[in-house]
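Basically this note's numbering = 1-based index in the sequence shown + 1. Have a look at the structure below, then the notes.
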Amino acid sequence: MAAFHQDTTMRSVVKQNPVLVFVVFFSLALFCCANDTISQGEVVRDGESSSARTLVSAGDNFELGFFSPDNSTSRFVGIWYRNMPELSVVWVANRETPIRDRTGALTLGSDGNLVILDGRNRSIWTSNTSSVVSKNATARLNDDGNLVLSNGENVTPYWESFNLPTDTYLPGMKVKVDAAEGENRCFTAWKSRNDPSKGNFTMGVDPRGSPQIVIWNGPNRRWRSGHWNWQIFTGVPNMTANLLYGFRLVDGNEFFTYKTLNPSEKLRFRIEWDGFEQQLRWEEGNKKWGLLQSQPAVTNDCELYNMCGKHGVCSSWESPMCRCMQGFEPAHWEQWSRGNWSGGCKRRTPLKCETKSNVTEEDGFVMEKWVKLPDFADLVPLLPTASCKDECLKSCDCKAYADVNGIGCMVWKENLLDIQHFKRGGNTLNIRLAHADLGGDSRKSSTLIIVMAVVGGVILGLCIWLVWRFKLKLKVLPTNSSIPWLRSSEIPPSSEVGKSKEYSTDLSGSVDVLTDCPEGNRPELPLFSFNFVAISTNNFSEENKLGQGGFGHVYKGKLPGGQEIAVKRLSRKSGQGLEEFKNEIILIAKLQHRNLVRLLGCCIQGEEKMLLYEYMPNKSLDFFLFDPEKQALLDWKQRFNIIEGIARGLLYLHRDSRLRIIHRDLKASNILLDEEMNPKISDFGMARIFGGNQNEANTNRVVGTYGYMSPEYAMEGLFSVKSDVYSFGVLLLEIVSGRRNTSYRTTEYLSLIGYAWHLWNERRAVELLDPSIAVTCSQNEVLRCIQVGVLCVQDSPLHRPTMSSVVLMLESENANLPLPRQPTFTSMRGSHVDTDFCSEGPEYASLNDLTVTMVDGR
């Protein structure tokens, strides 16, 4: 009845005062439409009273008002994305003059400028532009995040926030590129995560030569993008189409701007308080910001500015990562040998124009391909008949040149700085050298060519003779005596090879092969002829080559039925391969588990020894994990599945298989990935079988890989199931971080293990996570994995968990994990590479399980 009465009353008012009702509704409509605008006499107040308000852009994308960062009571006027679960600030007005209480106000001053007042009506910030000519100016928050001060008409604005950015670049912003004005450091990072005042890192554009984006740390450069060629920044060769789209030079090439492919997409570039530039995109489904790219890349030290000093070249995948260019040598040999490359390189021989001696030979150029071109280039306009090389030779100051599509002729007259070598992409740099560093005089070159031609002819003739002899040898099938440990009576006919269920060959008879294998458990495996394997691999062609291991090459093949295989061909030059080959046959033939690679057969003919495995189309884990361009393809869900799969495979080897097996060489390159990215442990050449009651053994022949070996094994030759647990812990930390254990080395930490412990102990373990997958992860799973990894790499085997405990800790979200002890040893000392090694010597066991072990690098 009450509702009916109110409705009747309203109708009565409308009938009696229609004009009044129209005015009221019109005023309300104006108020709603003006929610993005502040005019003369209006105020945006702070506080929680009814007079407090904010500006909201017309499309409901952005909001302007007062805010406080996390863990702070200071108040700032800023612009942030609206309707998001986390406060995402893109602009701050009074970043250097915060208000200490909630009495602030934003309004238009008497001169038409925007002004922020504190509780005492004192001005603490103003737009401070003298171009305001109208007392009726208004400020509007546009839907692209730009706050514009104008007279409300379609004329040039008096002032806009896009021209005075803080730490964030939004699509639609224009960044000035002016060679006369020089560097434009238009973006300044926050001082800390919760303090928007100006920090030490800035980002902007250097217009010299061709424009490039630069990050500065104070006065020094921290990273640069390489030069703009009107399509990409040449120092970022993995720029994707999504990142490319919209980067343009506009308005007579005076401004850089960016336009998104999808206008509704929320995208921003931000210089973080710690000096990393991030490109972020809002993921509506996940309700969070997704990281598209971070510069400099956390996993690539070569991204840091001038890592190898002047005239040095940095290659992230090589060891050591720094080298001098051809014609140059380290400026300080002692520092260079210790891994301190900051001193750079110096020229071996002065240029002709730099010396007063009677040098007759002219200077020349040598090419350095696939590189990020040096900093501080100059553009040289060319006449139609001139070349960039000729222009460089005209001046003694010219140290190098590059003729780049989209840019033109670039020359360098200063030291060559910040050169990075890429696996693909980049440009070719032509470095000027004295004639002596190009290969000597023409007479010496001619003599060298003649000698090389004669030697080459002799070698070619010898190769042809060897091939002829080899083909004759292949025509003779092996006899029973040539394969003493295979029953020739069970070798399948060549027409029936591959039918493993009907024709299997019992590996028996040799004491050498079956030393650790009881009579009743001898493995059965099909035997293939050499000709059959050669045909399946297209005669071991280079295009079928998958890679190279410690004991030979691996090739892709195809059986007659269409099944794809991987063929591991033992190198004849390997002095240790035979024992490992026999060991691998014995072990793998008995193992059946979804996370272990499956052995399909073998080939033993003359000196040829080969193993045939199931083919893994996605290669090995390290192919993705340690490649900056591919590691983002392994999101957190896939990485966690890989971690669990490896753990289950090890548990099977240690506890559930018919044989108790210690792998002894667990590492990323020995984890293969099938078509569904499921992990499979491979390469059992180093593995050892334990007896039923045996828990530990000792060896004088230490085998394995630097960075993955447990301390007791590397230093004393003692190994057990806990040795594999240690290797698994290292591998787990590598999967989480996307970095090799041996590649992480600073003055404070010798390895990734030390750094992981430091972060875990400081309660900052999540910082270990690979930034390229940060948006896809479950933080609880990440922290649990890191703690399990640190538990597995503890110094004492007694303190490390068993693989059954590891699997339980990984799969149970509610498991109470023990606290790890700080690791003080690693099996790596000063090595930057993943190097296989072993020590020669007889293998025997001592009564007290203690022997002296010598470890030599191979």
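All C-beta atoms in this analysis are idealised placements derived from N, C-alpha and C, irrespective of residue type, glycine included. Since this is a predicted model, take the numbers as computed values, not measurements.
DSSP, read as helix, strand or coil, puts His554 in strand. For Lys192, the enclosing beta strand (DSSP E) begins and ends at Asn185 to Ser193.
In summary, Glu713 is buried, with 16 or more beta-carbon neighbours lying within 10 Å of its beta-carbon over all protein chains present.
In this model, His664 and Pro197 are separated by some 52 Å (Cα to Cα).
Beta bridge pairing from DSSP links Met411 with Leu380 and Ala403.
Only residues of its own chain outside the window of five on either side were considered, and among them Asn114, Tyr159 and Trp160 have a CB closer than 7 Å to the CB of Thr130, listed in chain order. Boundaries of the beta strand (DSSP E) around His422: Ile420 to His422.
Bridge partners of Ile272 according to DSSP: Glu278. Here the region 330–350 lies against the region 302–316, with 3 or more beta-carbon pairs under 8 Å apart. Here the region 56–64 lies against the region 83–102, with 3 or more beta-carbon pairs under 8 Å apart. By the beta-carbon neighbour count (other beta carbons within 10 angstroms, threshold 16), Trp217 is buried. With a 10 Å radius around the Cβ and a threshold of 16 neighbouring Cβ atoms, Asp102 comes out exposed.
When the beta-carbon positions are compared, Leu268 and Thr261 come within less than 8 Å of each other. Residue range Leu753 to Asn762 is occupied by the alpha helix (DSSP H) that includes Trp758.
Per DSSP, the unbroken beta strand (DSSP E) holding Asn428 starts and ends at Asn428 to Leu434.
Residue environment for Gly650: buried (at least 16 other C-beta atoms within 10 angstroms of its C-beta).
The beta carbons of Pro166 and Phe202 sit no closer together than 8 Å. Under the three-state reduction of DSSP output, Ile465 falls in the helix class. In the three-state scheme derived from DSSP, where H, G and I count as helix and E and B as strand, Tyr750 is classed as coil. Contact between Trp371 and His422 is confirmed by a C-beta separation of about 6 Å, below the 8 Å threshold. Distance from the CA atom of Asp302 to the CA atom of Lys353, rounded to whole angstroms, is 36 Å. By a beta-carbon distance limit of 8 Å, Glu330 contacts Arg349. Their separation comes to about 6 Å. Rounded to whole angstroms, the separation of the alpha carbons of Leu820 and Leu792 is 8 Å. Leaving aside the five residues that flank Leu417 on each side, the residues in its chain whose CB is nearer than 7 Å to its CB run, in chain order, Lys311, His312, Pro375, Lys400 and Ala401. Annotation for Glu645: the continuous alpha helix (DSSP H) segment containing it runs Trp637 to Leu652. 8 Å or more divides the Cβ of Leu56 from the Cβ of Val44. Rounded to the nearest whole angstrom, the C-alpha separation of Trp283 and Ala633 is 17 Å. Looking at Val794, Asp623 and Val215, the one whose alpha-carbon comes closest to that of Met678 is Asp623. As DSSP reads the structure, Gly205 sits in a beta bridge with Val215.
Runs of the beta strand (DSSP E) lying entirely within the region 254–334, each at least 3 residues long, are 256–258, 268–272, 278–284, 289–296, 313–315, 323–325 and 329–331 in chain order.
Closest in C-alpha terms to Ser316, from the list Arg425, Ser295, Gly219 and Val367, comes Arg425. For Lys357, there is no enclosing beta strand (DSSP E), as DSSP marks it with neither H nor E.
Within the same chain, Cβ atoms closer than 7 Å to the Cβ of Arg194 are found at Trp274, the five residues on either side in sequence being excluded. In the three-state scheme derived from DSSP, where H, G and I count as helix and E and B as strand, Trp231 is classed as coil. Ranking Ser711, Lys288, Val807 and Ile100 by CA distance to the CA of Arg121 puts Ile100 first.
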